[in-house]
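The structure appears right after this line, and notes come after that.
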């Protein structure tokens, strides 16, 4: 195994982590501020991807598609929040799980209705095509590096938003004591809609930027959703820092696991078996990591202190 | 020498720089009602949590009938004979008063892994439970869900459940909380009859009840016991007067 | 038994479920017999979950794992019986349902003991997530085991046998499933009325109170979780035999979600809730599916409506509030 392969996979892991961070940040924010489990988050990822693909196909511009994905996902999020999510804040988690599960069905079939069952394709924009050289003989796609850059920017942006703005202050206050900020006169309803829309926009962005790497199809959000839940549980539900660290941990572990586990197992068994069992073990790896972390820190790595 | 039923020695609990429990030593002798009083913030809740097992002490021992229970879980301590009531009534709200007490009887019998006999036809649960409800004066409210009982009735139900456990010692956490004068008088009269069944560590704010019931009083201020003695001793103690009673005595 | 409104509804449901396949069989429409069997089996699966969720308040988002374990037990034992190759420790496969059920139930019970022991140390949303994670682990484990079909699933060439009847006839297999469902309902009722049921229900309502009485909430919940898993696994074994196919989708998280949906549709914690929910769900699927390919869209809308507006599910609507007494 060469350095360049390891480096390439490490970068892939970071890129996966960054994409998971975009998903998880929204999810953890929504849970942290509103106490809501949102299974439909994966659907907003899908909405962003479809919006981007559709607009890019229509206009020929990936960048317009990206703008569309943010706008559509945010709008879809806001509408869903106003119509449905609002009624769920006071309900128990079971009702929230069910209602958002119903939303998944509605979004998935609705998208299938609009776009049909065949996947859409997104092309990498010309600006970001090509590859850069890595140490060793390998190259790494510019686009994937761009994704990592976007993730870093978003992380910075969220840090500034949450830490340095008044909106951020209200969000942080909302996380620690929901009832209190209402009493202090902060418009909770608008705040919640904003937070939900922000989270949805991030999910949509994730879907759009992943679009060129995988195909855009109905149901693409679900595996990512599960991973995002693993991330926020590992990181600590409600913590953006936890989401970042958790996402990078999950992304890198998963990617490197898939590379290394089969190789590790060839020490003990023949290559085809090792490939199979290694693949299975690699799929299970992040869940095992999650279980181990929860057994030591039952509320995740960086649980925010609650009132 | 009679052994205390409950013996707490040098209990310490700190939260960061705050010593909420600052070396508390106290005991509960058989047949007595030992009241624990003190101003708000004195650390009464913290002490109760440690005795009952919902909070782990930093150091010090807690003995029930001679046995060190300091490392046991709350449920295990209850099984060993430590009964308690809650300051804010903690009941199974969907269950009737009867079913709540039946649950306590079942717990005392240690039979919660029985799968086959329906409880509502089990006289070995129903009869003792009804008898206790009769004692506390709730028998005509027995079939109502606990959530529908009045505040005072819920306090009575708390006591009933504690009685059903046939504990070796009872820890009552502000049983008079939220009771009007009538209810308090009745409950005080009732608690007076209990001391021979099980000694009571009574944490209370209601001074009338305390002076009427207590054989001994300990005064807790800033995590320390500043005085222990009979009602008269405490009434006359100048440190207590300053710290707590003010003009009451 | 007192004829309360709820009991009347329950009786009607039980009778309808029996009547429909009898009539369908007489009219030569085996499809409806299969549909009724599917309802009965899904009802049993949801009933198992209801013990943990409705009675015990444990929102398990991973019960698909047990459903799938039951299914794979049936599939693996059947395939070994067919091929004649021995399983572990030279034990042969079998095509006898009672033995298959025993294996399914024991396997699920052991797995549930492990999963439950770890998961029940958490609570709230963490519990939901960790049960989901464990189910995902089982799913990925199953699809990567090519000996038993991997991603493609495992066929059961010939439906397993039940002594005394020819299970290949749809109506006969329905009777088997129906009988098992009734037994399951009976077991649920028994447990709910027992001391254990009282402790479990109390733990759901107020675990601090339960601990203060000397009952260990963790052990009660764990026992409830394991029993619930065993019932769902039994349903899984029957489901595999119904379809003569073990699909990995039995282990997917969608399945866990569906099981929860079945309970909510029918009414959480109600004795016949799972049956009512399964009947509604399969009926929707069938009726709506006949009308449009987009039936899941409408199912989603209906589900949303139920969660937001009809909180007690079907039984809540028909039979009024539960009396706890």
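Protein chains in written order, with our numbering: chain A, 349 to 655; chain B, 77 to 325; chain C, 32 to 356.
Every residue gets a Cβ at the ideal spot worked out from N, C-alpha and C, and that includes glycine.
Item                                                                                                                                                                                         : Value
Just to confirm, are residue 363/A and residue 496/A a CB contact at a threshold of 7 Å?                                                                                                     : yes
What runs of the alpha helix (DSSP H), each 4 residues or longer, lie entirely inside the stretch 565–590 of chain A?                                                                        : 569–583
With burial defined as no fewer than 16 other Cβ atoms inside 10 Å of the residue's Cβ, what is the status of residue 301/C: buried or exposed?                                              : buried
Tell me, please, whether the CB atom of residue 107/C is closer than 7 Å to any CB atom in chain A?                                                                                          : no
For residue 97/B, name the three-state secondary structure that DSSP assigns.                                                                                                                : strand
For residue 195/B and residue 205/B, I'd like the C-alpha separation in whole angstroms.                                                                                                     : 12 Å
Just list the beta strand (DSSP E) runs in the stretch 80–161 of chain B, keeping only unbroken ones of 3 residues or longer that don't cross its boundaries, in chain order.                : 82–91, 94–104, 109–113, 135–140 and 158–161
I need the DSSP call for residue 315/B, collapsed to helix, strand or coil.                                                                                                                  : helix
Is the stretch 155–173 of chain B in contact with the stretch 219–236 of chain C, if contact means three or more CB pairs nearer than 8 Å?                                                   : yes
Could you confirm whether any beta carbon from chain B is found closer than 7 Å to the beta carbon of residue 236/C?                                                                         : yes
Residue 242/B touches chain C at which residues, Cβ-Cβ below 8 Å?                                                                                                                            : What residue 242/B touches in chain C: nothing, since even the nearest Cβ is about 11 Å away.
If you draw a straight line from the alpha carbon of residue 247/B to that of residue 124/B, how long is it in whole angstroms?                                                              : 8 Å
So, at 8 Å on beta carbons, what are the nonlocal neighbours of residue 399/A in its own chain, with the 5 sequence-adjacent residues on each side left out?                                 : 413, 416, 417, 419, 420, 421, 552 and 556
Mind checking if residue 172/C is an interface residue toward chain A, Cβ cutoff 7 Å exclusive?                                                                                              : yes
Does residue 299/B pass the burial test, meaning 16 or more other C-beta atoms within 10 Å, or should it be called exposed?                                                                  : buried
In whole angstroms, what separates the C-alpha of residue 213/B from that of residue 231/B?                                                                                                  : 11 Å
Please name the residue in 288/B, 147/B, 309/B and 181/B whose C-alpha comes closest to that of residue 159/B.                                                                               : 181/B
What residues in the stretch 150–162 of chain B have a beta carbon less than 7 Å from any beta carbon of chain C?                                                                            : 150, 151, 154, 155 and 160
Can you name the residues of chain C whose CB is closer than 8 Å to the CB of residue 432/A?                                                                                                 : 335 and 339
With 7 Å as the C-beta to C-beta threshold (strictly closer), list the residues of the stretch 277–290 of chain C near chain A in chain order.                                               : 284 and 288
Grab me the residues of residue 325/B's own chain with a C-beta within less than 7 Å of its C-beta, minus the 5 sequence neighbours each way, in chain order.                                : Caution applies to residue 325/B, whose pLDDT of 46 falls short of 50 and renders its modelled position unreliable; the model cannot decide the point.
For residue 574/A, return the contacting residues in chain C, with the cut-off set at a CB-CB distance below 9 Å.                                                                            : 163, 164, 167 and 284
Check whether the Cβ of residue 110/C lies closer than 7 Å to any Cβ atom in chain A.                                                                                                        : no
Would residue 152/B and residue 144/B be called neighbours here (beta carbons separated by less than 7 Å)?                                                                                   : no
Can you tell me whether residue 110/B is buried or exposed? The criterion is at least 16 other CB atoms within 10 Å of its CB, across all chains shown.                                      : buried
Please list, in chain order, the chain A residues whose beta carbon lies closer than 9 Å to that of residue 157/C.                                                                           : 581, 585, 642, 646, 647 and 648
What first and last residue would you give for the beta strand (DSSP E) that runs through residue 305/B?                                                                                     : 300–305
Tell me residue 292/B's beta-bridge partners as DSSP assigns them.                                                                                                                           : 110/B
Is it the case that the stretch 374–391 of chain A contacts the stretch 561–575 of chain A, given that we only count it when at least three CB pairs across the two stretches are under 8 Å? : yes
Along the alpha helix (DSSP H) that carries residue 489/A, what are the first and last residues, could you check?                                                                            : Segment 487–489 is the beta strand (DSSP E) holding residue 489/A; no alpha helix (DSSP H) there.
My assumption, with CB atoms under 8 Å, is that residue 82/C sits in contact with residue 91/C. Please give the rounded CB distance.                                                         : Incorrect: roughly 10 Å between the Cβ atoms, too far for contact.
Against chain C, does residue 457/A count as a neighbour if the rule is that its beta carbon must be under 7 Å from one of theirs?                                                           : yes
Are the C-beta of residue 80/C and some C-beta of chain A separated by less than 7 Å?                                                                                                        : no
Identify each residue in the stretch 71–99 of chain C for which the Cβ-Cβ distance to at least one residue of chain A is less than 8 Å, and report them in chain order.                      : 84, 90 and 92
Can the beta-carbon of residue 79/C be found less than 7 Å from the beta-carbon of residue 287/C?                                                                                            : no
Note down, in chain order, every chain A residue with its Cβ under 7 Å from the Cβ of residue 153/C.                                                                                         : 642 and 646
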